[in-house]
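The structure appears right after this line, and notes come after that.
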Amino acid sequence: MNSPFQYIRKSLSRKLSLWIVLFAAVIFNVALGFMFTQSLKAVREEAISRATKELDNTVLRVTSLLDRVEIATNNTDWLVTRHLNTPDSMFVYSRRILQNNPDLNGCSIAFEPYYFRDRGRYFSAYSFNDNGTILTTQEGNDHYEYFYMDWYQTAKLLDRPVWTEPFFDFNPDDIYSKEMIASFCKPLKDNAGEYIGTISVDMSLKWLSETISAVKPYPNSYSIMIGEGGTFFVHPDPQKLLYQTIFTETLAVPDPEVSALGHAMLNGEEGMRELEMDGVDSYVFYKPLGDTGWSVAIVCPESDIFGGYQHLRRIVLFIVIIGLLLMFFVFSRVVTSELKPLMLLADQTDTIAKGSFDQLLPEDKRTDEIGRLNHSFIGMQKSLRKYIDQLQETTATKASIESELKVASTIQVSMLPRIFPPFPERKDIDLYANMKPAKEVGGDLFDFFLRDEKLFFIIGDVSGKGVPAAMLMAVTHSLFRAASAHESDPAIIIRNINETVCPDNSSSMFVTIFLGVLDLPTGHLRYCNAGHDSPLLLNGGVTELKCLPNLPVGILADMKFVTQECDLTYGTTLFLYTDGLNEAMNKDYEQFGMERVTELLKPCAEQEMGPRQVLEHVLDGVRDFVQDAEQSDDLTMLALRYTPGEFATILSERLTLSCDLARVPELNDFIMSIAEKLGMDAPTSAQVQLAVEEAVVNVMNYAYPDGRKGFVTIKAMSDGHELRIVVIDSGTAFDPTKKEKADVTLSFEDRPIGGLGIFLVREIMDSINYERTDNRNILTMIKNIK
Amino acid sequence: MEVKITTDGKETIAAFIGRLDTLASQEIAPQMNELAEAAGGTIILDCSELAYISSSGLRIFLSLRKAAAEKGGKVIVRNITNDIRNVFMMTGFLNLFEIQ
Amino acid sequence: MSYARIPRCFKDHPLKPFFVKKLILFVLFFSAAAVAMAQERFVFTPQWTAQAQFAGYYVAQEQGFYRDAGLEVEIVHPSLTQSAMSRIRRNESQATTLQLCQAMEIIDSGIPMVNILQTSMNNAMVIVSRRGVDPLTQKGARVGIWSAGFGQLAICMSIKDGLDYEWIRFANNVNLFIKGAIDATLAMSYNEYYQLVQAGYEVTDTNVYRFCDHGYNVQEDGVYMTREYYNKHKEQARKFAEASRRGWEWAAEHPEETLDIVMKYVEENHIATNRVMQDLMLKDILRLQTDRESGEREFRLRPDMVKMASDLMVEYMMIDKEVTYEQLTEE
């Protein structure tokens, strides 16, 4: 136990027990306190009454004796005053009083000097009781001038009967015997009322002293008697008896209580006081002894009076304390054992908290609150197990879904072009794109590829987010690639996509698309917008590329999309984006807005930033705005910059033929001479010849189908690095690049007869490009010669 | 362009001399048809002096091949030049014919 | 008829009992005195019963100062029948203590006395009245006086100051006053005064008249011898005086031990007193030995005080003729 408080706080049973014990203690306190107070009062009153009664009785007995002395004296006085003329009779009287009162020690009948003239100065008839024998003498002489004795003078001076202060008599035969005597003195008066002498009667105070000492209402109580001067005439302590007054000790050490008692007693008061006598708390009962001027007191130590009570109280308190302690421990035990199931529950809960749900709490037969708690706990354990199992399942499922989502996200990301710059070897086009999905998989898409010197690019936004959007996006993406493999017209490509998406679009999702085909040699841009945001042109300033809205893909299966055209000048940057950009929200749900986008792009345009820089600049701007608000939509951006290079022609020749197969050999010669001029080797030259022949023959065969006669022009240009053969005709629109690539792996049985021409052209030439401009087919074939 | 066809028992040899371009292909069409008749046997296409072949020419070769297959014959191509070989390679014709 | 029992006149009074024991010893001594004369024997009887008033002599005895001086001293206290002077007269004791006025009276009565050691330098007598009552206002009142012969100054004062007290003689206690039989009483500041205090009596400046404060500061206790004896035993007297003085000086230095010695004598003599009272007495006695003017224990008779006392007593006819300083001292 670190400290008693900790010890108690830790345990409910101890706390409970402590409360009970404290409460019980309070009740005991109050009840016992009350009882003890009352019994204390009763004991006190009993004591007072008892002591007072005893004292009263004793005083009564003593005073009755003293009264007898007084009476005897009065009788003698009567006799004396009637026989004043016979002095000798005084001896008789003094004798007689002793005879009649055996307990009297002596008697003096003394007269004023020369009262009996013939008897001389001194005349005092004195008798004393000597162990039963009464001896009489005349006691006055020069050595004993009784006139100055207390017994004589006091009565004379006070002119009334008076008891002297007790004094000691002693027997010379037995010097150790001391007898305490007091004298009752009465003035003698003659008939005229004049004072003539004193009659004095001695009485042994032995009996009185013994009687008073015998007053012992309690075992340790004692009696005292003090005289008029406060001297102790009865006292259990022989040291104090006669040697000290009640005030003696207060002279050395002042004690106001004892002094007060002394004065009260000397005043002849009667009563009881509580004070400390000789270091002992006592009750002192005092009463004057008649009119002697003495006072008797009984000193009862409180320990005597209340001894029994104190003892009882101590025992009761002891029992109570032991009982309370016992109660505490027993209750602690009992409560602890009753609460054992709670401890078990606590342990169990700990185990559960650690993760093991298997161990069930043992059933308890109890039906009280603990039993119910136990029962409920077991029920909870069972439910908990079930829920935990379910939760684990769900979590596993979710985890697997999430992992699959992650995979899907990875797949999706890998589907989009990721390598930038994508055409590092080309100087005429720079492109950078980026898609940041809102959820793990995005519904935005972008794509681009080069085919036949044309840049096909697309940006799209599927309605919705998450997996469904990503799936539609994937579908659209692959459809784009498929449709663009042989088609260069944006509207047609989009139509193809639309026709495929619409019927299968059971989830009624749609995708906005902006598709563009940029002819790199000419900078001619064909584009089609299907419900998407118009791209922005950065060329010194920022302008919007005007787009027809059309409809997003996936809504109307037979929607007629329209292709728009324009030309890009050198240095123009086309900036495409999805609405994740302009609809980007900060935490106040404020949208980024096209204005901000335009503002951000202005410096890009002015500084002629490259596409990567442009995108980074815009992203920074968006990030600053959005800060740490959650991304609400996929954010995709694509920027491409068109910087066509100059073609430094060192050779340029042309040949125009009529569409007649017979003219083909001319073509061969033309090519051969070009090849010679350019220093091409024979195999290359032969191959180029073949390619050109195939191309031109194609034109001859297909350009003028309905018998029309036409011409085909063959232009040959070179800048020393590449040879460009351009075949131009003004026949019907015919795009040889549209033709599907022949499958040269088929067996001879499966090989179609035709289709090899274009195939050979593609194989032999490094790139071909077809454009139809001004009603003319322009097929450009490029061969790198150095 | 000139084609010399000689028959030697089961073998029929067609020697091509010159450039088999589109025009030439058109011109030798009748002779090729004749050759196709003999497709049941072995046709040897002698290309020792064939300097050039275009897709039309290739088409002819392929037709012959197909006809021969139908009739149970075979077509052997002989002595092609490097240039011709390149073309055959590009077009996958190398695998279609037995080349000697 | 002789009574085996001693008649009443020998009865003890509670606070000042006289003991037969001492009487018996006295008898023995008397007979022995005739026999043994080897070491100088010397009997000293102080004027009252054993108490701290005579502490110095007890000390000298107990501490062996007398023995050192070559004196074998016996201290015998007086009894009611045998007063100190009666013993001196019969040469039963060689020295006693007397108050100065008392000594003058004795000299005047025809017995020349010599002061061999003066201990008291101040007057210790007081008048105590009832609570709150000024003794000087109690003209004609009953005032207690010792029957043993002290209080000469009081008598003079009563006449001189016109107080005209009615003197009531008491034996040896303050009971008359306590009983209310007298209006006031003479008391010694070291003795009866404290008895009154011990009896619970209130004493203040109002109800206590001190003679020493009213121009009556006359010395009191001293050791006296008869001139007759003195002239023959000067050396002895000197020795006794010196040793006694030594005793007093020792007592002044060792009050607690002195008190123990005093209590020993008190108990031996069965005096009904207690240590508290004796302590108070001893302190006062020692205080009285200090001269007011010089602040020293002078242990000498002052001629001025002698003159004053003598003049007063002559004037109020307590003595017939002047007693001079020379008469009192060794001449």
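Protein chains in written order, with our numbering: chain R, 1153 to 1938; chain E, 276 to 375; chain P, 10 to 340.
For glycine and all other residues, C-beta sits at the position ideal for the given N, C-alpha and C.
What you are looking at is a predicted structure, and each value in this text was computed from that prediction instead of being measured.
For residue i and residue j, what's the separation of their Cα atoms in angstroms?
i: E/T281; j: R/I1937; result: 42 Å
i: P/P264; j: P/L310; result: 24 Å
i: P/N184; j: R/K1193; result: 42 Å
i: R/T1306; j: P/K188; result: 7 Å
i: R/L1602; j: R/F1608; result: 6 Å
i: E/E373; j: R/L1767; result: 58 Å
i: P/K273; j: P/C165; result: 38 Å
i: R/S1489; j: R/M1495; result: 10 Å
i: R/E1317; j: R/D1342; result: 26 Å
i: R/W1230; j: R/V1314; result: 17 Å
i: P/G283; j: R/Q1396; result: According to the sequence displayed, residue 283 of chain P carries Asn and not Gly. One C-alpha to the other measures close to 6 Å.
i: R/A1551; j: R/I1645; result: 39 Å
i: P/S198; j: P/S129; result: 13 Å
i: R/P1763; j: R/R1793; result: 7 Å
i: R/T1363; j: P/Y174; result: 43 Å
Measure the beta-carbon distance from residue i to residue j and round it to whole angstroms, keeping in mind my assumption that it falls under 8 Å.
i: R/F1572; j: R/I1581; result: That pair is no contact at about 12 Å.
i: R/L1908; j: E/T366; result: 6 Å
i: P/Y233; j: P/I328; result: About 16 Å separates the two Cβ atoms, so there is no contact after all.
i: R/M1587; j: R/D1786; result: 7 Å
i: P/P55; j: P/A93; result: 7 Å
i: E/D358; j: R/A1838; result: 5 Å
i: P/Q60; j: P/I280; result: 7 Å
i: R/A1791; j: R/F1727; result: 5 Å
i: E/R340; j: E/L371; result: 6 Å
i: P/F53; j: P/Q103; result: 7 Å
For residue i, I'd like the list of residues in its chain whose CB is within less than 6 Å of its CB, leaving aside the five on either flank, ordered along the chain.
i: R/Y1354; result: Note that residue 1354 of chain R is Asp in the sequence shown, not Tyr. These residues qualify, in order along the chain: N1257, G1258, I1333 and S1335.
i: R/G1349; result: A1262, F1263, E1264 and L1340
i: E/L320; result: A289 and V352
i: R/R1748; result: none
i: R/A1449; result: I1376, V1436 and Y1438
i: P/V315; result: Y334
Considering only C-alpha positions, which residue in the set the options is nearest to residue i?
i: R/R1633; options: R/I1610, R/E1651, R/A1643 and R/A1621; result: R/I1610
i: R/I1910; options: R/V1705, R/G1381 and R/V1840; result: R/V1840
i: R/T1674; options: R/R1269, R/R1924 and R/T1889; result: R/R1924
i: P/A69; options: P/E201, P/A250 and P/N283; result: P/A250
i: P/R139; options: P/D173, P/F186, P/A104 and P/T299; result: P/F186
i: R/N1253; options: R/S1837, R/I1223 and R/A1277; result: R/I1223
i: R/G1595; options: R/P1369, R/V1627 and R/T1549; result: R/V1627
i: R/F1188; options: R/K1162, R/M1824, R/N1820 and R/Y1461; result: R/Y1461
i: R/I1735; options: R/R1928, R/V1774 and R/G1431; result: Note on residue identity: the sequence assigns Glu, not Ile, to residue 1735 of chain R. The shortest Cα separation from R/E1735 among R/R1928, R/V1774 and R/G1431 belongs to R/V1774.
i: R/S1246; options: R/W1303, R/S1352, R/V1211 and R/V1173; result: R/S1352
Counting only the same chain and skipping the five closest in sequence on each side, list residues whose C-beta sits under 8 Å from that of residue i.
i: R/Y1266; result: G1272 and R1273
i: R/P1704; result: S1615, F1662, V1663, T1664, I1665, A1682, G1683 and H1684
i: R/L1708; result: N1650 and C1654
i: R/T1695; result: L1688 and L1689
i: R/Y1347; result: E1264, K1308, D1311, P1339, L1340 and K1341
Taking any Cβ of chain R, which residues in the stretch 323-340 of chain E have a Cβ under 9 Å from it, in chain order?
-> From the stretch 323-340 of chain E, only A326, Y327, I328, S329, S330, S331, L333, R334, L337, S338 and R340 have a Cβ closer than 9 Å to chain R.
Interface positions of the stretch 286-317 of chain P facing chain R (Cβ-Cβ less than 9 Å), listed along the chain | Answer in chain order: M286, D288 and L289.
Which residues, in chain order, does the stretch 291-307 of chain E contribute to contact with chain R at a C-beta distance below 7 Å?
-> Going along the stretch 291-307 of chain E in chain order, one finds D296, T297, L298 and Q301 with a Cβ nearer than 7 Å to chain R.
For the stretch 156-175 of chain P, enumerate the residues whose C-beta is nearer than 9 Å to any C-beta of chain R, in chain order.
-> Hits within the stretch, in order: S156.
Name the residues in the stretch 1812-1832 of chain R whose C-beta lies less than 7 Å from a C-beta of chain E; which are they?
-> Within the stretch 1812-1832 of chain R, the residues whose Cβ lies closer than 7 Å to any Cβ of chain E are, in chain order, L1813, A1814 and V1816.
Which residues, taken in chain order from the stretch 1349-1382 of chain R, show a beta carbon closer than 7 Å to some beta carbon of chain P?
-> Shown in chain order are the members of the stretch 1349-1382 of chain R whose Cβ falls below 7 Å from a Cβ of chain P: E1380, G1381 and G1382.
Below 9 Å between beta carbons is the criterion; list the residues of the stretch 96-119 of chain P that meet it against any residue of chain R, in chain order.
-> Under the 9 Å Cβ criterion, the stretch 96-119 of chain P contributes no residue.
Residues in the stretch 197-212 of chain P with C-beta within 7 Å of chain R's C-beta atoms, listed in sequence order?
-> The stretch 197-212 of chain P vs chain R, Cβ under 7 Å: V206, Q207, A208 and G209.
Which residues, taken in chain order from the stretch 1394-1422 of chain R, show a beta carbon closer than 8 Å to some beta carbon of chain P?
-> Within the stretch 1394-1422 of chain R, the qualifying residues are L1394, Y1395, Q1396, T1397, I1398, F1399, T1400, E1401, L1403, A1404, S1411, G1414, H1415 and L1418.
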